[in-house]
Ligand code: C2E
Ligand code: CA
Ligand code: CA
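In our numbering, the protein residues as written are 1 to 811.
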């Protein structure tokens, strides 16, 4: 009497064959039993028969009219098929009864669109019920006279058929892989038997009525049908109310859903139960990718599967109407767009498939769910934005320090924390544009992540990165690690059409030795990094002394900014003289700064800081303006004395610098050939092509160019050939050694030779002794500059010095 297999999911061919085999066995058993029962028919001689086919509509009606029960929180549905079964036993021959049951079973399967495997089983099991009941009846009843004993036996026969059909159903469920546990089986059997007692009694009443008179039985049948319809209507209403309450509670409790979070699975499972489905599938689409979440309720709990892939592989599809019975889908609508599709499969518990009513519920739930998923995504995006650097997708400063704190707590061993600055980042950004700057950072990110896949890599500011990991994985020697990092990340890089050279400043700290919280460690690593940058040297490991230095540096930078805007930066001048005749050939302008509280600060301290703080532009402008103004003043009294101004790499590459120089020359109204710009040779190494372009532009203004500190850098003598310069300044280092060191002498001689061959003048700087001067003159150096001739002096002193020289040329 139970319409049994509610699982359509016979997953493999083997299982299907097994179920077919079982169905066939049941059918053969039924036919065998029927041979027994038909020998003893009719049960009572002289019984009136009814047309066999009248059982068909009776069976169809009772199979369609199911009654749902809940027993110990399990839902069961039973059918009223005992009524036609009881009637058939007495009034229709067994073979015809079996035929009627089979036809009705087939009709029922077609109406329910059951798959063949399920249909065959249900038909076979129905046939077996008829055969078992007929056999029991034919063996027992003929010995009794119709009365209470007969009716009792009949009820017993129904109970036996129910136990058999419950057992075969359990077997099929096991075969298709959705077996019940023993408790579920027993409670379903108990509820089935109790329903059987009630409906069996109805069958008995129907038979008794047919024995007495036809019209009584018609009235009884109508009453029973009316009661059943009322019961069903009541059940349906109660179920709808229950669902409405659940829906309301669900919507009330629904917060943002983040599907990347495990905590969202119970929510999906709740949706599945709300929609009374065995399986729920959520297909989402975003940024050209699709995501499929499947939640299935199994005997051992909820199963969640996710798969993510290319959107072109599986597009969410909305299937409506046609296959309403097996599954139904509804769109998940967000605020502006379709978020995805929600599908549920296999209605839970009862034999009923999804109906239009369920589809309406699905649509309501899908609309709520779409909004919740969209809110969840928004929340995740926001929290991502708060923790992730949008360009590199690395953890930002906040997130890096949070993760570093976590590392500190987790590791008993030491940590190595390294701050890295990309030295040329600002130059690239300013001269080649932000896009190339971004490319540079992405390239550094790529190299860092490749070199240290297991370390924490974060971006902590403009061109600054952080790397941290347990020292047992990175090595114990911080400065060795710094060197290793530089060799792995530094070097040439192609950024789109532009080729550049990546160079890093690296500062290291050890945790917890150098600090026990992330903030302190990062700050100290950065202090060490700035120190490395400042000294243009190798990796620096933090020491307590840097703390003081760092504070001083900060104070100096702030004061320098102030000094530049208030005009507190002055210029000192140091003359250059002809090596052979001591005539004044020009002066070098050197920035000077005396701070009211900090005292005189040497350019050796503030120039690198100005470079690091991006203040070289304004500093160069003020030196240019002051020195050219002074130069113009001397011109009136002392004749044409040229002035040389130092220009740093960053300033030279600045696209606005050439225009700035031209504007200053014009505003002061001075001949450009009185200005020499001193460039250190390092400039040209960083970005040779751009440097040469800028140099040519400056020379086109009529300005002279000089290579400062020549011989200290990487350059060879031959590289001079390609440079648009007028002068070479031999570094003080060679001048210091010239008297005692034959090597230094040889270098000076070679520089002079090649410079003269190229038509360049040669200046020696840092000349302190007569002996040095004499040797330099002998080697062919054109000009000398140094304390021997004069120390740098203020503008007024310079004017007086020049005047004195004019009055008595050779001092
Ligand atoms: P530099 O361009 O090589 O300047 C020469 C430095 O050597 C000056 O130091 C000068 O005072 C010093 N000097 C000159 N003759 C002698 C000598 O006989 N013996 C010794 N021991 N030193 C001598 P200063 O003024 O301290 O400048 C240091 C550096 O700061 C300069 O080196 C230059 O690179 C930079 N600098 C100074 N002013 C400016 C500026 O306005 N712009 C730029 N970009 N850099 C500047
Ligand atoms: Ca210089
Ligand atoms: Ca120099």
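No residue lacks a Cβ here, since even glycine has one placed at the ideal position from N, Cα and C.
Query raised in the report: Is it buried or exposed for residue 415, if we count other Cβ within 10 angstroms and need 16 for buried?
Result: buried
Report task. From the DSSP output, in three-state form, read off residue 160 for me. Result -> Looking at residue 160 - three-state DSSP - the assignment turns out to be helix.
Requested in this report: Note down, in chain order, each residue of its chain lying with its Cβ closer than 8 Å to the Cβ of residue 727, except the 5 sequence neighbours on either side.
Outcome: 676, 704, 705, 706, 707, 760, 761, 762, 763
Query raised in the report: Taking 7 Å as the cut-off, does the CB of residue 588 come closer than this to any heavy atom belonging to ligand 2?
Result: yes
Query raised in the report: Can you give the Cα-Cα distance for residue 547 and residue 436, rounded to whole angstroms?
Result: 35 Å
Query raised in the report: Would you call the segment 375-385 and the segment 428-443 in contact, with 3 or more CB pairs under 8 Å?
Result: no
Requested in this report: Between the Cα of residue 209 and those of 567, 87, 550, 409, spot the shortest distance and give me the residue it belongs to.
Outcome: Considering only alpha carbons, the answer is 87.
**Report entry** Backbone CA spacing between residue 822 and residue 601 [nearest angstrom]
**Finding:** This structure gives no information on residue 822, because the portion of the chain shown stretches from 1 to 811.
Query raised in the report: At what residue ranges does the segment 560-647 contain a whole run of the alpha helix (DSSP H), taking only runs of 4 or more?
Result: 603-612, 616-638
Query raised in the report: Can you give, in chain order, each stretch of the beta strand (DSSP E) that sits fully within the segment 256-309 and has at least 3 residues?
Result: Scanning the segment 256-309 for uninterrupted beta strand (DSSP E) segments of 3 residues or longer gives 277-286, 289-298, listed from N- to C-terminal end.
**Report entry** DSSP bridge partner residues for residue 493 (one or two, in chain order)
**Finding:** 500
Query - residue 361 to residue 120 span [Cα, whole Å] - result: In this structure, the alpha-carbon of residue 361 lies about 33 Å from that of residue 120.
Query raised in the report: Looking at residue 648 and ligand 1, is the gap between the Cβ and the nearest heavy atom below 7 Å?
Result: yes
Query raised in the report: What residues match up with residue 395 in a beta bridge as DSSP calls it?
Result: 388
Query raised in the report: How about residue 89 and residue 38: do their beta carbons lie closer than 8 Å?
Result: Not a contact, by the Cβ cut-off of 8 Å.
Query raised in the report: Looking only at C-alpha atoms, which of 701, 612, 555 sits nearest to residue 531?
Result: 612
**Report entry** residue 476, buried or exposed, once every other Cβ within 10 Å from all chains shown has been counted against 16
**Finding:** exposed
Report task. State buried or exposed for residue 538, treating a residue as buried only when at least 16 other CB atoms are found within 10 Å of its CB. Result -> exposed
**Report entry** residue 473 versus 454, 403, 487, residue with shortest Cα-Cα distance
**Finding:** 454
**Report entry** CB of residue 100 within 8 Å of CB of residue 55, strictly
**Finding:** yes
Requested in this report: Would you identify the three-state DSSP class for residue 331, choosing helix, strand or coil?
Outcome: strand
Query raised in the report: Are there three or more Cβ pairs, one per stretch, closer than 8 Å when the segment 180-190 is compared with the segment 135-153?
Result: no
Requested in this report: Would you grab the beta carbon distance between residue 293 and residue 259 for me? Rounded to a whole angstrom, and I think it's under 8 Å.
Outcome: Sure, about 6 Å apart at Cβ, within 8 Å.
Query raised in the report: Considering only residues of the same chain and omitting the five flanking positions on each side of residue 668, which have a CB-CB separation below 8 Å?
Result: 625, 628, 629, 632
Query - Secondary structure of residue 363, DSSP reduced to three states - result: helix
Requested in this report: For residue 785, verify whether its CB is less than 7 Å away from any heavy atom of ligand 1.
Outcome: yes
Query raised in the report: From the beta carbon of residue 117, is the nearest beta carbon of chain D less than 8 Å away?
Result: This model lacks chain D altogether, as it is built from one protein chain only.
**Report entry** Closest by C-alpha distance to residue 543, when choosing among 656, 523, 557
**Finding:** The option with the nearest alpha carbon to residue 543 is 523.
Requested in this report: Inspect the CB distances between the segment 583-592 and the segment 634-649 and report whether three or more fall short of 8 Å.
Outcome: yes
**Report entry** In DSSP terms, what residue 465 is bridged to
**Finding:** 420, 459, per the DSSP bridge assignment.
Query raised in the report: Going by alpha carbons, who is nearest to residue 790 out of 769, 777, 807?
Result: 769
Query raised in the report: Which residues in the same chain have their Cβ closer than 6 Å to the Cβ of residue 755, if we skip the five residues on either side of it in sequence?
Result: If we look at residue 755 and ignore the five residues flanking it on each side, its Cβ neighbours are 728, 762.
Query - Residue burial classification, residue 255 (beta-carbon count within 10 angstroms, cutoff 16) - result: exposed
Query - Contact set for residue 204: own chain, Cβ-Cβ below 8 Å, skip 5 residues either direction - result: 86, 151, 154, 155
Requested in this report: State yes or no: is the C-beta of residue 602 nearer than 7 Å to some heavy atom of ligand 1?
Outcome: yes
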